[in-house]
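Since the structure comes first, as structure tokens, the remarks are kept for the end.
In my numbering, the protein residues as written are 202 to 552.
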């Protein structure tokens, strides 16, 4: 009798030791929820023929001896092991002790404007924001307002376009997702700006913002006639934009080219000390132009200064400005603003 009791006690000890060993094995990742694409190591205590390495299919199933197909996706590791054990116990084994270990996690893939492209293991629940962080973050040129996630659902590929700022913390990544981080469109800014070149186009980028990115317009830039060339369905269209009036409302598009040209020169001729052509600037007046040309000569008719202006369709206008009177009196009401291409003519006086 004592011998029988000892044998039974030994059996109980061995049984519970096996149970603890099983629990320890499962607890290494028992709370992990199995996903399509995971590679699982399934073992049954004291049944080496049933030790198998299987990969979870896209539809969430595995094939296992005696059982055939069984769904494991959606169950955590402990639950899946319990299910397999119960199915084996129904007809084949007595009290099977099943353990599952995740040998390889399923992967998702990141490509485009991230610092480390490639495949990443999907361990647990990951959001889109988590995924971008795993890839070392996005590059400066990345357009995080239109991240594309390509996902297979019911054997059909579906695309999600996501804004990282507003949706990145809520959108959960699935196995085999392909995350594509594109870059902002580019615009070229050429001509009379301080830093001509290519610039990334953020969403809702106004012409004024892009000119500012290029260091602003130079002093001789004609910002009243900025040209924007744009490729459209019927070809290249050109838009002439006044930066002061439309710069905040005119939005640029991918591959636009912005041309900022200099003002044309104006000329001061006749009885001035330094006749010639000069760079035009907005706000310059006739008296300013005379000063730029070194002032009058001794023989100049200071009150008979003419401004000759070419108007539309080749018509010419002439304005008389009494500069001598303006300089003596300080009355600037009769001074006029010059336009680009104007010619200031100072005639000789007769004494």
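We treat Cβ as the ideally placed atom computed from N, Cα and C, and that holds for glycine. Keep in mind it's a predicted model, so treat the numbers as computed, not measured.
With at least 16 other beta carbons inside 10 angstroms of its own, residue 380 counts as buried.
Ranked by Cα distance from residue 253, the options 406, 259, 383 and 243 are led by 243. Less than 8 Å divides the Cβ of residue 416 from the Cβ of residue 394. Between residue 308 and residue 340, the CB-CB gap reaches or exceeds 8 Å. Of the residues assessed, residue 293 falls on the exposed side of the cut-off, its CB having fewer than 16 other CB atoms within 10 angstroms. Under DSSP, residue 406 shares a beta bridge with no residue. Remark: C-beta atoms of residue 288 and residue 271 approach each other more closely than 8 Å. Each of 236, 324 and 320 was checked against the Cα of residue 281, and the nearest Cα belongs to 236.
Taking C-beta separations shorter than 6 Å and ignoring five residues to either side along the sequence, the partners of residue 512 in its chain run 518, following chain order. If you draw a straight line from the Cα of residue 273 to the Cα of residue 259, it comes to about 11 Å.
In the structure shown, the three-state DSSP call for residue 279 is helix. A buried status is given to residue 400, since no fewer than 16 other beta-carbon atoms sit within 10 Å of its beta-carbon.
Taking 8 Å as the cut-off, the Cβ atoms of residue 412 and residue 461 count as close. The C-alpha of residue 463 lies about 14 Å from the C-alpha of residue 478. Here residue 503 is buried: its Cβ has 16 or more other Cβ atoms, across all protein chains shown, within 10 Å. Under DSSP, residue 313 takes part in a beta bridge, and its partners are 382.
Sequence-distant Cβ neighbours of residue 264 in its own chain, meaning closer than 6 Å and more than five residues away, are 270.
Residue 337 has its alpha-carbon roughly 10 Å from the corresponding atom of residue 331. Taken through DSSP and simplified to helix, strand or coil, residue 525 comes out as helix.
DSSP places residue 493 within a helical segment (H, G or I) once states are collapsed to three. The secondary-structure analysis by DSSP pairs residue 451 with nothing; it has no beta-bridge partner.
The DSSP-derived three-state label of residue 534 is coil.
Here residue 550 is actually not in contact with residue 492; their C-beta atoms are around 19 Å apart, not less than 8 Å.
Only residues of its own chain outside the window of five on either side were considered, and among them 437, 439 and 458 have a CB closer than 6 Å to the CB of residue 430, listed in chain order. Secondary structure in the stretch 332-387: the alpha helix (DSSP H) runs of 4 residues or longer, each lying completely within the stretch, are 365-368 in chain order. Going by DSSP, residue 245 is part of the beta strand (DSSP E) stretching over 240-245.
In the DSSP secondary-structure assignment, residue 470 is bridged to 546. Residue 377 sits away from residue 261, with the two beta carbons spaced by 8 Å or more. Here the alpha carbons of residue 410 and residue 537 stand approximately 32 Å from one another.
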